[in-house]
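**Q** Protein chains in written order, with the numbering used here: chain A, 2 to 537; chain B, 2 to 537.
Have a look at this one.
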């Protein structure tokens, strides 16, 4: 992470083109994040945004939309006297993304804005659009001279970034004034083959160093904190291995259903929508070796090593160690909700999974034999992302002999909505007898509503502007992750269990019990019934 | 610790004779502790107390004194309808402790009370008196047939307790109906020779298993919790050694001065009053190896091993590694207070130390090379007993390289007045930059005023009644502790520094800085100015 680069530098002055500027992501995440960065004083002084979308919209209307988005979703209150300065940086271009003429007009507008805002040609192209638009936009950008077609594109699967060493811009950008960066949202392909194809198309225009593949879980405060906690504390490093750790559980549960994303979700499912990216990224952060430095590529190299160490599963192992589910009708917090097959834009006999739980192994010296349990699902009772590191029990002597099975030590990373670290210890209960009870120690960065912790997108946009791609997914990470989940999708294609197999508002199908040894199971997440018992 | 024994059993029915029943200890600690045990329902059903003291006092007057003591010092509110039941168990015997006739009268009274309260002859003799009375009382008890003179007393220094295996009563008690136990307060001698002499006199009458040498620091909840935390949590055992621990600091600071204890303190000083017993006991709990079981003698054996491993210091090392101080006039919390030499019953040119700080080493495989810093003193700015385990810093790479010297991890046992565990970690500060800051995680058993944690004496009296001497000091512990501090007293006898050398309300003499490497020093204790900074 290059800390020297200040966004106030001319080097970071830029125009950001948001394709899909009327969409959900732009409104819920990008505009509020830009506003927060602005309020925190870290936006470049020379900076403007061009929203591109199909709808007809006057510039003032677009700015009103931005205002509305900030008002609704920002962690800062909008509306002070700085609003004029902020909103004055927003422009709108109505266009059909597939129509080449669009890009000529965009080029003209960007040139004007360079002048007006004092930007030296630097561009961020943010693809906040459906994945079918990714390739056409990239091709059109190149065709219009907004990015440069590379002479010979490298073989896909090559470690483009690693080759250039420090993750800084290669000579590629020098064909145009300034730099160009491409920000691309998930899904990056649908399987390894389609991801390779997409990557080939993008890499024909952009170098790996110019590509910022968003995985917004990497922008979350606590995800970044995993590395700090592991590598800046003498406590944890000595016990962070298979000798002391019994198992690791990674949960990302949602209460929401598929909502209006049925079109997309029917093709994705939980495996592609969550496991291939977010869940495996969290796993790499927990499991990685200490990198040789904090340089972008040093860190990514270690994450790739984890992904390479994932123990492949044959079809039989997949049937045994991976459980999928689809929610039926049920209730969330007392509210009746429909089953997945009854959701809009979902097939009435859909076999798409809305829940995945699996047991997997990282086959290296640090983790051999330690099960990693991963689960994610929609319409679960609680919304929470947590990582639970369960330590091995001590020998069953002394207090363990005297007081029966003592609770194991847990170290819990609360990623969201709470952000903090939680430790479960055994201590003596006050009193004249020696009863032992678990107690909780925690530090909480963002508990309940009072905190004002930055949103993931703030950090990620900030990093795009300063050209730091540490918290973005490198191509080989994407490829290895597809490589791991593709066999599961192939086994599943042979036929689904009798869906729905869990009720909305439950913790998923009962079959997941088979992932655990007798007596094992998921630790409750924060907010779950029974969690207080574990929390001591 | 024999958990099967219930105090409601006839086996535990007993009469408790408190010698010194009008004194400070009885009023401030023993009566309130007995009342708490009573309120908690753990006093034996068949139980009574005989207070013995010189003052003339009607039984009702004594009970009013007990009432007053409970009202003032108990953690329960006195005065409910149970008071009659409780106070009906208190009797008073006026007597001169040195007059043999006293003990005949005591014998008669105890016989009566056995009948009245259904006690089968079991006795606890509690010596809450000045040390010069210890031997005469023991001799007189034996002479009056209240305890039995042993035929051949074992050589002092022998491991009486260990010989009988499980720490239960030996056959010794069988000469009288029921059992007899002797509870003896500090100081147990003034140096090794006088302690041996005292022990010889006591052991002529009582077996080691019958002797309960009080060190009330062992009765404190958090002292007991040290073992639980160390041996019931997988987190700590792997890092609990010289490879991961940089140093350990043990502080017991008092704000009070010598008050009306000048007579005693002039002969004792901080070394004998605090270090020989409390401080070294805390050290054994922190440093001991895991015992082979939770049996009394298994635990004491491990504590003895630590005391045996204390690296002896020659006079030169003592002059270098041990610092003493005496307070002069100053101010505590804004209140002017007198210097030690101006206190009542203190010599105007006294060379008694009121402060000791030392660096010592435990020479065994676990701790070789790890400095233990121990300090205690009167008239310091804050009253606190704490143990700080400081972990070694990680290699100066990654975050350490990037962000300069990061704070080391600390694990703090707060023994009193707060009772809890506190951990200092480094984490990422929320925000778009990667600043790292220490944060605190803690669990607090007794914070501020709201908690109602048992007093040390409750646990200790309870243990005497059930015959569990785990939390009392075995003779060889006492002897080894004297053996460690005696050379210091001898070096000091050659002459004192220019006392007073610290002002009341300061943290002791400046010379203590020489105990630490450059840049090192004492971690602030809870409540100390600057502590918040460390606490993150």
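We treat Cβ as the ideally placed atom computed from N, Cα and C, and that holds for glycine.
So, are the CB atoms of residue 19 (chain B) and residue 50 (chain B) less than 8 Å apart?
**A** In contact: residue 19 (chain B) and residue 50 (chain B) (Cβ atoms closer than 8 Å).
**Q** Check each residue of the region 224–237 of chain B: if its Cβ is closer than 7 Å to any Cβ of chain A, include it; give the result in chain order.
**A** Of all residues in the region 224–237 of chain B, 225, 226, 229, 230, 232, 233, 234, 235 and 236 have a Cβ within less than 7 Å of some Cβ in chain A.
**Q** For a test of your reading of the model: does the CB of residue 189 (chain A) fall under 7 Å from any non-hydrogen atom of the ligand MN? Yes or no.
**A** Ligands in the displayed structure: none, and consequently the ligand MN is not present.
**Q** Counting contacts by CB-CB distance shorter than 8 Å, is residue 302 (chain A) in contact with chain B?
**A** False, the Cβ-Cβ gap to chain B never drops below 8 Å.
**Q** Once DSSP output is grouped into helix, strand and coil, what is the label at residue 169 (chain A)?
**A** Per-residue confidence for residue 169 (chain A) stands at a pLDDT of 41, beneath the threshold of 50, marking its modelled position as unreliable; no derived number is given.
**Q** For residue 415 (chain B), name the three-state secondary structure that DSSP assigns.
**A** Strand at residue 415 (chain B).
**Q** Would you say residue 213 (chain A) faces chain B, with C-beta separation under 8 Å as the test?
**A** Taking Cβ atoms only, chain B never reaches closer than 8 Å to residue 213 (chain A), which makes this a no.
**Q** If you check the beta carbons only, do residue 270 (chain B) and residue 354 (chain B) fall under 8 Å apart?
**A** For residue 270 (chain B) and residue 354 (chain B), yes; Cβs fall inside 8 Å.
**Q** Return the residue from the list B:317, B:311 and B:285 that minimises the CA-CA distance to residue 302 (chain B).
**A** Measuring from the Cα of residue 302 (chain B), the nearest candidate turns out to be B:285.
**Q** Can you tell which of A:140, A:60 and A:388 has its C-alpha closest to the C-alpha of residue 201 (chain A)?
**A** Measuring from the Cα of residue 201 (chain A), the nearest candidate turns out to be A:140.
**Q** Give the DSSP-derived three-state secondary structure of residue 360 (chain A) in the structure shown.
**A** Three-state DSSP puts residue 360 (chain A) in a strand.
**Q** For the beta strand (DSSP E) containing residue 48 (chain B), name the first residue and the last one.
**A** Start and end: 48–54.
**Q** My assumption, with CB atoms under 8 Å, is that residue 481 (chain A) sits in contact with residue 309 (chain A). Please give the rounded CB distance.
**A** Correct: roughly 6 Å between the Cβ atoms.
**Q** Rounded to whole angstroms, what is the Cα-Cα separation between residue 276 (chain B) and residue 361 (chain B)?
**A** Each residue's Cα considered, the two are about 12 Å apart.
**Q** List the endpoints of the continuous alpha helix (DSSP H) containing residue 325 (chain A).
**A** Note, residue 325 (chain A): premise wrong, no alpha helix (DSSP H); beta strand (DSSP E) at 323–326.
**Q** Note the first and the last residue of the continuous alpha helix (DSSP H) segment covering residue 474 (chain A).
**A** Looking at the DSSP string, residue 474 (chain A) is not in any alpha helix (DSSP H), and its letter there is neither H nor E.
**Q** Can a CB atom of chain A be found closer than 8 Å to the CB of residue 428 (chain B)?
**A** It does; some Cβ of chain A falls within 8 Å.
**Q** Give a yes or no on whether 8 Å exceeds the smallest Cβ distance from residue 371 (chain A) to chain B.
**A** No, its Cβ sits nowhere closer than 8 Å to a Cβ of chain B.
**Q** Just checking: is the beta-carbon of residue 306 (chain B) within a distance shorter than 8 Å of some beta-carbon in chain A?
**A** Chain A, which has no Cβ nearer than 8 Å to the Cβ of residue 306 (chain B), makes this no.
**Q** Residue ranges of each beta strand (DSSP E) run of no fewer than 3 residues wholly in the region 424–467 of chain A, ordered along the chain?
**A** Those beta strand (DSSP E) runs which fall completely within the region 424–467 of chain A and span 3+ residues are 437–447.
**Q** Quick check: the region 367–375 of chain B against the region 211–224 of chain B, are at least 3 beta-carbon pairs closer than 8 Å?
**A** No contact exists between the region 211–224 of chain B and the region 367–375 of chain B.
**Q** Mapping the DSSP letters down to three states, classify residue 223 (chain A) as helix, strand or coil.
**A** Residue state, collapsed to three classes: helix.
**Q** Applying a beta-carbon distance threshold of less than 7 Å, which residues of chain B neighbour residue 432 (chain A)?
**A** Simply 455.
**Q** Quick one: what does DSSP say residue 296 (chain A) is sitting in, helix, strand or coil?
**A** In the structure shown, residue 296 (chain A) sits in coil (DSSP, three-state: anything other than H, G, I, E or B).
**Q** For a contact defined as C-beta to C-beta under 7 Å, what are the partners of residue 443 (chain A) on chain B?
**A** Within chain B, the residues near residue 443 (chain A) are 442.
**Q** Does any residue of chain A have a CB that is nearer than 8 Å to the CB of residue 394 (chain B)?
**A** Closer than 8 Å: yes.
**Q** Which whole-angstrom value is the C-beta distance of residue 38 (chain A) and residue 129 (chain A), which I expect to be below 8 Å?
**A** Wrong, their Cβ atoms sit about 17 Å apart, outside the cutoff.
**Q** Tell me residue 181 (chain A)'s beta-bridge partners as DSSP assigns them.
**A** In DSSP, residue 181 (chain A) forms a bridge with A:124.
**Q** Please classify residue 14 (chain B): is it buried, with 16 or more other beta-carbons within 10 angstroms of its beta-carbon, or exposed?
**A** By the neighbour-count rule (16 or more Cβ atoms within 10 Å), residue 14 (chain B) is buried.
**Q** For chain A, is any of its Cβ atoms less than 8 Å away from the one on residue 388 (chain B)?
**A** It does not; no Cβ of chain A falls within 8 Å.
**Q** Within the same chain, show all residues whose beta-carbon is closer than 6 Å to that of residue 96 (chain A), passing over the 5 residues directly before and after it, in chain order.
**A** For residue 96 (chain A), where only same-chain residues beyond five positions count, the Cβ hits under 6 Å are 53 and 103.
**Q** Over the uninterrupted beta strand (DSSP E) stretch that includes residue 17 (chain B), give me the two end residues.
**A** Counting along the chain, the beta strand (DSSP E) containing residue 17 (chain B) begins and ends at 15–20.
**Q** On a Cα-Cα basis, can you pick out the residue from B:216, B:142, B:417 and B:198 that is closest to residue 471 (chain B)?
**A** The shortest Cα separation from residue 471 (chain B) among B:216, B:142, B:417 and B:198 belongs to B:216.
**Q** Excluding the 5 residues preceding and the 5 following residue 526 (chain B) in the sequence, name in chain order all residues of the same chain whose CB lies nearer than 7 Å to its CB.
**A** Excluding positions up to five away in sequence, the list reads 252, 254, 383, 385, 387 and 532.
**Q** Nearest to residue 133 (chain B) by alpha carbon, out of B:106, B:88, B:121 and B:196?
**A** Among B:106, B:88, B:121 and B:196, the Cα nearest to that of residue 133 (chain B) belongs to B:196.
**Q** If you run the structure through DSSP and keep just helix, strand and coil, what is residue 538 (chain B)?
**A** Outside the shown range of chain B (2 to 537) lies residue 538 (chain B), about which nothing can therefore be said.
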